[in-house]
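*Asks:*
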Amino acid sequence: MTSPAQARFGFAADPRALEDLRQVPAHIQDLVLLHLQDLVHGEQRGPRLHDRYGQDLSDCRKIYIDAQAAWRIVYQERRTPRGSAHRRQIFLVAIGPRQHNAVYNTAVHRLGRERTASTPLVQAALARSPRRARISRDADDGGTRPAVVPFAPPPRKASR
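Just so you know, we're using the numbering used here here: the sequence shown kicks off at -17 and counts up by one.
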């Protein structure tokens, strides 16, 4: 007889993530519980998330729950409080569908993070934007002109 696997990590969860678990279909619930067990035992580790679309989840990881990769677990590996039996813990942030980035949007909200336009792609787009340049020039004149000048085509000369 073999002894049960020893947990390498503690476990904690955002209470709303536990509600997520109650709301998903039964077959997804079963898969989530198996994945969480593997995470706590150190038998599985999801890939890191990153800052994309203005959502900074770089301190989080994800697990694909089902074979179709339609459902995700978003979690963090954190230090545990003093006196805990483990040095690190798995902290469950969100469980949900991948569709329309729903689970990632939920995770950003639960972690109290604002959606920013700080991604390099967004910064590059703003740097090349003629609207951005016009707004900057208008701000430099002391604010006497409106911040956004509507586009109007040049007047046509009357035909004779």
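All C-beta atoms in this analysis are idealised placements derived from N, C-alpha and C, irrespective of residue type, glycine included.
What's the C-alpha gap between Phe73 and Ala49?
*Replies:* In the sequence shown, counting from the first residue as 1, residue 73 sits at position 91. In the sequence shown, counting from the first residue as 1, residue 49 sits at position 67. Cα to Cα, the separation comes out at about 23 angstroms.
*Asks:* Based on Cα-Cα distance, which residue from His17, Arg80, Thr88 and Leu15 lies nearest to Ala52?
*Replies:* Your numbering for residue 52 matches position 70 in the sequence shown. Closest by alpha carbon: Arg80.
*Asks:* Does the region 30 to 40 come into contact with the region 84 to 97, if we say contact requires no fewer than three beta-carbon pairs (one atom in each stretch) closer than 8 angstroms?
*Replies:* Contact holds: three or more Cβ-Cβ distances are below 8 angstroms.
*Asks:* Closer than 6 angstroms by C-beta to Val22: which residues in its own chain qualify, once you throw out the five before and the five after it? Chain order, please.
*Replies:* The sequence position of residue 22 within the sequence shown is 40, counting from 1. If we look at Val22 and ignore the five residues flanking it on each side, its Cβ neighbours are Ala(-11), Phe(-9), Phe(-7) and Ile72.
*Asks:* So, helix, strand or coil for Val6, using DSSP?
*Replies:* To locate residue 6, count along the sequence shown from 1; it is residue 24. In the structure shown, Val6 sits in coil (DSSP, three-state: anything other than H, G, I, E or B).
*Asks:* On the three-state DSSP scale, how would you describe Ala49?
*Replies:* Position 67 of the sequence shown, counting from 1, holds the residue named residue 49. If DSSP states are grouped into helix, strand and coil, Ala49 belongs with coil.
*Asks:* Does the beta-carbon of Glu1 have 16 or more other beta-carbons within 10 angstroms, so that it is buried, or is it exposed?
*Replies:* Position 19 of the sequence shown, counted from the first residue, corresponds to residue 1. Label assigned to Glu1: exposed.
*Asks:* Using a 10 Å radius around the Cβ and a threshold of 16 neighbouring Cβ atoms, would you call Arg64 buried or exposed?
*Replies:* Taking the first residue of the sequence shown as 1, we reach residue 64 at position 82. Per the 10 Å Cβ criterion, exposed.
*Asks:* Considering only C-alpha positions, which residue in the set Ala67, Asn87, Cys42 and Ser66 is nearest to Glu59?
*Replies:* Here the question's residue 59 lines up with position 77 in the sequence shown. Checked all of Ala67, Asn87, Cys42 and Ser66; the closest Cα to Glu59 is Cys42.
*Asks:* Classify Asp33 as buried or exposed, calling it buried when 16 or more other Cβ atoms lie within 10 Å of its own Cβ.
*Replies:* Within the sequence shown, numbered from 1, the residue matching residue 33 stands at position 51. Classification for Asp33: exposed.
*Asks:* Have a look at Ile45 and Arg70 and give me their C-alpha separation to the nearest angstrom.
*Replies:* By one-based count along the sequence shown, residue 45 stands at place 63. By one-based count along the sequence shown, residue 70 stands at place 88. Their Cα atoms are separated by approximately 18 angstroms.
*Asks:* Specify the secondary structure class of Gln71 as computed by DSSP and reduced to three states.
*Replies:* Position 89 of the sequence shown, counting from 1, holds the residue named residue 71. Three-state result, Gln71: strand.
*Asks:* Please return the same chain residues whose Cβ sits closer than 7 angstroms to the Cβ of Leu3, not counting the five positions on each side in sequence.
*Replies:* Counted from its first residue, the sequence shown places residue 3 at position 21. Closer than 7 angstroms at Cβ, skipping near neighbours: Gln11, Val14 and Ile77.
*Asks:* Kindly indicate which residue of Gln26, Val85, Pro29 and Gln19 has the alpha-carbon position closest to the one of Val75.
*Replies:* Your numbering for residue 75 matches position 93 in the sequence shown. Among Gln26, Val85, Pro29 and Gln19, the Cα nearest to that of Val75 belongs to Val85.
*Asks:* What's the call for Ala8, buried or exposed, on a 16-neighbour Cβ count within 10 Å?
*Replies:* Stepping through the sequence shown from its first residue, residue 8 is reached at position 26. Exposed.
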